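Engineer: So the sequence shown is numbered by this note's numbering: it starts at 33 and just counts up by one.
Let me give you the structure first, and then I'll get to my questions.
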Amino acid sequence: MSRSDDVLKLHRLAHTGGSAALVEWLAARLGGWAGVVGPGAEPGPALPEAAARGAAEMSARGVRSAVLYGPGAATLLFALDAGRALAAVLPLPHHPDAPTLLADAAVPLELVLRAEEGERREERAALAEARAREAVLHLLMNGRLSTAHQIAEALRPSLPDPMRMYVAECRAGERAEVTRLCAELTGGRAWIVRCPVYVRHLIVLVPAGPGTCAEDDVLAAALTAVAPDCAVGVSGELGLGRAQAAYTQAFHALAVARGRSERHARFGPGPELELAAHEAGAGWAAALLAPLHTYEPRRPQDPGAQELRATLHAWLNFTSHATRLLKIHRNTLAARLRLVETLLDVDLGRLADQAALSLALRLTGSAPRGSGAAAPAAAPGLDEVLGDPRLTAWAASHLGRLTAPGAPAGARATVRAWLDHEARLVPAAAAMGVSVPAARKRLARIEALLERSLLQSPSARHDLWLAHRAEELAP
């Protein structure tokens with residue numbers, strides 16, 4: 033093989049296989065060991081002592097190439113950038129063209145090493161930005177708007193307020209196109225983040241108001257046109273401070289969109305529980321959560337009140353998937369939930385306690401700072417709150433669709449059985465005398481009827497339980 037053939041082969045390998053393929057071919061071509069030695073590298077199983085010693089000596093002397101002879105072998109070295117060296121340890125007598133071949137290899141090898149480092153830097157930067165966007169989303173969901181704005185301003189664009197939230201469900205290979213369309217159709221004003229819980233979901237905050245694409249379904253229709261299995265749920269128009277409610281609305285709308293031919297849906301109209309319950313339930317919620325809000329950990333490394341509240345909120349919305357949102361181990365999640373149960377004297381395995389805490393968290397906003405002494409000493413109980421006429425009207429409206437004309441037969445009984453068995457599908461199916469797939473299909477039809485997600489979290493199970501309880505308490 034001629035020198036020109038070798039040079040051509042080196043450049044092809046650098047282009048198609050990178051530095052690893054190039055070095056591997058050199059070793060096979062020369063019949064010895066070849067590799068890149070970094071500054072300060074220590075000898076080991078993958079690095080001969082002669083190569084490490086030769087690279088250190090060449091660097092100390094400030095020369096660009098060197099040959100060191102040892103017992104039965106020669107070490108040939110050529111300097112690369114950043115203090116690295118291309119080294120080859122070859123048995124004697126070595127190939128006569130070895131120095132020329134290594135010198136020819138040094139140039140494409142140095143270029144491909146730089147390219148690979150650039151790619152790694154880009155990957156690290158992209159990962160850092162994705163984590164920062166997740167952090168902004170987490171801050172928004174916990175009502176910490178000031179910090180969220182500070183981080184978002186560094187990432188661009190600014191967080192829109194008011195906004196509509198879109199949850200787009202698509203395959204991993206379609207996310208880039210969905211992201212591009214969001215940026216193009218909103219003039220670069222959409223704030224986009226990958227969902228930390230569901231890998232197929234993208235969360236998009238789009239400016240709302242007159243003259244924006246959020247006023248109609250142009251954006252949702254464009255996103256669903258990316259692929260046949262894409263689906264998009266859209267929230268109502270809300271202020272940025274209600275990001276958690278916007279996400280829940282968009283998630284419920286997504287459950288409806290999956291069953292529609294157009295594959296997109298906007299959150300259906302209807303009274304919102306926290307608005308109906310705010311006046312009657314604010315005192316009750318503050319009293320219920322006071323032990324959590326005033327909790328002070330004994331050790332600095334233990335979670336404080338804000339962290340425990342965020343953990344409870346994430347678990348009520350996403351159950352075991354909360355570990356993905358919070359970036360904690362499942363054992364850490366379990367330990368925090370046990371502490372919450374102790375502080376609040378609740379059983380998180382009971383749907384009734386889950387529903388009460390879900391409502392209380394929505395009525396109190398972010399955890400208050402300092403003492404919780406402002407909570408009333410004689411706060412009402414949950415039943416007293418749910419007995420308020422405004423809650424009775426909300427419950428009637430919320431449950432009315434289950435018995436309205438066109439509702440599936442037995443929809444009300446299906447929901448009641450599901451709730452009576454802690455929203456667990458297997459025991460509910462057994463109680464109804466049907467198979468689990470049949471029970472799942474019934475609930476899927478009820479999802480479309482209520483325009484709320486039931487089978488995936490965040491689920492409407494807590495609101496349904498509260499609505500049934502309010503109905504039971506009604507005169």
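We put the beta carbon where it would ideally sit given N, CA and C, even for glycine.
Quantities reported herein were computed from a predicted structural model and do not represent experimental measurements.
For Arg196, does the three-state DSSP call read helix, strand or coil?
Structural biologist: If DSSP states are grouped into helix, strand and coil, Arg196 belongs with the strands.
Engineer: Between which residues of its own chain and Ala82 is the CB-CB distance below 7 Å, once the five residues before and five after are set aside?
Structural biologist: These residues qualify, in order along the chain: Leu100, Gly102, Ala105, Thr107 and Val121.
Engineer: State buried or exposed for Leu376, treating a residue as buried only when at least 16 other CB atoms are found within 10 Å of its CB.
Structural biologist: Burial call: buried.
Engineer: Mind checking whether Leu191 and Leu255 have CB atoms under 9 Å apart?
Structural biologist: No, Cβ-Cβ distance for Leu191 and Leu255 is not below 9 Å.
Engineer: In the structure shown, what three-state DSSP assignment does Gly313 receive?
Structural biologist: DSSP places Gly313 in helix when its eight states are reduced to three.
Engineer: Look up Ser97 in the DSSP assignment and say whether it is helix, strand or coil.
Structural biologist: Residue state, collapsed to three classes: strand.
Engineer: Closest to Arg456 by C-alpha separation, out of Leu486, Thr435 and His430, would be which residue?
Structural biologist: Minimum Cα distance to Arg456 is reached at Leu486.
Engineer: Check the C-beta distance from Met197 over to Tyr279 and give it rounded, since I have them as a contact under 8 Å.
Structural biologist: That pair is a contact at about 6 Å.
Engineer: Specify, as a first and last residue, the run of the beta strand (DSSP E) that Gly265 falls within.
Structural biologist: That run of the beta strand (DSSP E) goes Ala263 to Val266.
Engineer: For Val258, which residues of its own chain have a beta-carbon under 8 Å away from its beta-carbon, when the five flanking residues on both sides are left out?
Structural biologist: Cβ within range, chain order: Cys202, Glu206, Glu209, Val210 and Leu213.
Engineer: Please report the distance separating the alpha-carbon of Ala405 from that of Arg501.
Structural biologist: Caution is warranted here: a pLDDT of 44 is assigned to Ala405, below 50, making its placement in the model unreliable, and no coordinate value can be reported.
Engineer: Since I believe Gly70 is in contact with Arg35 (beta carbons under 8 Å), could you give me their beta-carbon distance rounded to a whole number of angstroms?
Structural biologist: That pair is no contact at about 28 Å.
Engineer: DSSP on Ala46, reduced to helix/strand/coil?
Structural biologist: Three-state DSSP puts Ala46 in a helix.
Engineer: Ignore the nearest five residues each way along the sequence and tell me which others in Glu142's own chain have a CB closer than 7 Å to its CB.
Structural biologist: Excluding positions up to five away in sequence, the list reads Leu112 and Asp113.
Engineer: When burial is assigned at 16 or more other CB atoms within 10 Å of the CB, is Asn349 buried or exposed?
Structural biologist: Classification for Asn349: buried.
Engineer: Taking the alpha carbon of Val458 as the reference point, which residue from Leu434, Arg472 and Arg448 has its own alpha carbon closest?
Structural biologist: Measuring from the Cα of Val458, the nearest candidate turns out to be Arg472.
Engineer: Have a look at Arg477, Leu134, Leu418 and Ile224 and flag the residue whose alpha-carbon is nearest the alpha-carbon of Ala441.
Structural biologist: Looking at the Cα atoms, Arg477 is the closest of the given residues.
Engineer: From this set, His353, Leu320, Thr364 and Leu171, which residue's C-alpha is nearest Val378's C-alpha?
Structural biologist: The residue with the shortest Cα to Cα distance from Val378 is Leu320.
Engineer: Can you give me the C-alpha to C-alpha distance between Asp37 and Arg44, rounded to a whole angstrom?
Structural biologist: Computed Cα separation, rounded: 11 Å.
Engineer: Just the Cα atoms here: how many angstroms apart are Leu431 and Met464?
Structural biologist: Between Leu431 and Met464, the C-alpha separation is close to 20 Å.
Engineer: Let me make sure I understand the geometry here. Which of Ala443, Pro490, Ala506 and Trp497 has the alpha-carbon closest to that of Leu475?
Structural biologist: The shortest Cα separation from Leu475 among Ala443, Pro490, Ala506 and Trp497 belongs to Ala443.
Engineer: So, is Pro507 buried or exposed, given that buried needs 16 or more other C-beta atoms within 10 angstroms?
Structural biologist: Under this definition Pro507 is an exposed residue.
Engineer: Any chance the region 361-377 sits against the region 293-307, with 3 or more Cβ pairs inside 8 Å?
Structural biologist: Output reads no: the region 293-307 does not touch the region 361-377.
Engineer: Between which two residues does the alpha helix (DSSP H) containing Phe350 stretch?
Structural biologist: Note, Phe350: alpha helix (DSSP H), Ala337 to Phe350.
Engineer: Thinking just about the alpha-carbon of each residue, which of Ala460, Pro239, Arg188 and Val225 is nearest to the one in Leu357?
Structural biologist: Cα-wise, what sits closest to Leu357 is Val225.
Engineer: Per the DSSP calculation, Val288 is bridged to which residue(s)?
Structural biologist: Paired residue(s): none; Val288 is not in a bridge.
Engineer: To the nearest angstrom, report how far apart Ala157 and Leu251 are at their CA atoms.
Structural biologist: In a straight line, the C-alpha of Ala157 is about 28 Å away from that of Leu251.
Engineer: Just grab the DSSP bridge partners of Trp223 for me.
Structural biologist: Paired residue(s): Leu237.
Engineer: Using the C-alpha atoms, what's the distance from Asp415 back to Ala428?
Structural biologist: The alpha-carbon atoms of Ala428 and Asp415 are separated by roughly 16 Å.
Engineer: Per DSSP, which one or two residues make a beta bridge with Gly76?
Structural biologist: The partner list for Gly76 (beta bridge, DSSP) reads Leu79.
Engineer: With 16 as the cutoff for other CB atoms within 10 Å, does Ala78 come out buried or exposed?
Structural biologist: Under this definition Ala78 is an exposed residue.
Engineer: Counting C-beta neighbours from all protein chains within 10 Å, is the total for Ala407 16 or more, i.e. buried, or is it exposed?
Structural biologist: Low confidence applies here, because Ala407 scores a pLDDT of 48, under 50, leaving its location unreliable and the question unanswered by this model.
Engineer: Val231: buried (16+ other C-beta within 10 angstroms of its C-beta) or exposed?
Structural biologist: Exposed: under 16 other Cβ atoms inside 10 Å.
Engineer: Compute the Euclidean distance between the alpha carbons of Gly402 and Arg330, then round it to the nearest angstrom.
Structural biologist: With a pLDDT of 47 at Gly402, under the threshold of 50, the predicted position of this residue should be treated as unreliable, though the coordinate-derived value follows. Rounded to whole angstroms, Gly402 to Arg330 spans 16 Å at the Cα level.
Engineer: For Pro68, which beta-bridge partners are listed by DSSP?
Structural biologist: Reading off the sequence, residue 68 comes out as Val, not Pro. In DSSP, Val68 forms a bridge with Leu118.
Engineer: Please specify which runs of the alpha helix (DSSP H), each continuous and at least 4 residues long, are wholly inside the region 120-184, giving them in chain order.
Structural biologist: List check, alpha helix (DSSP H) in window: 130-173.
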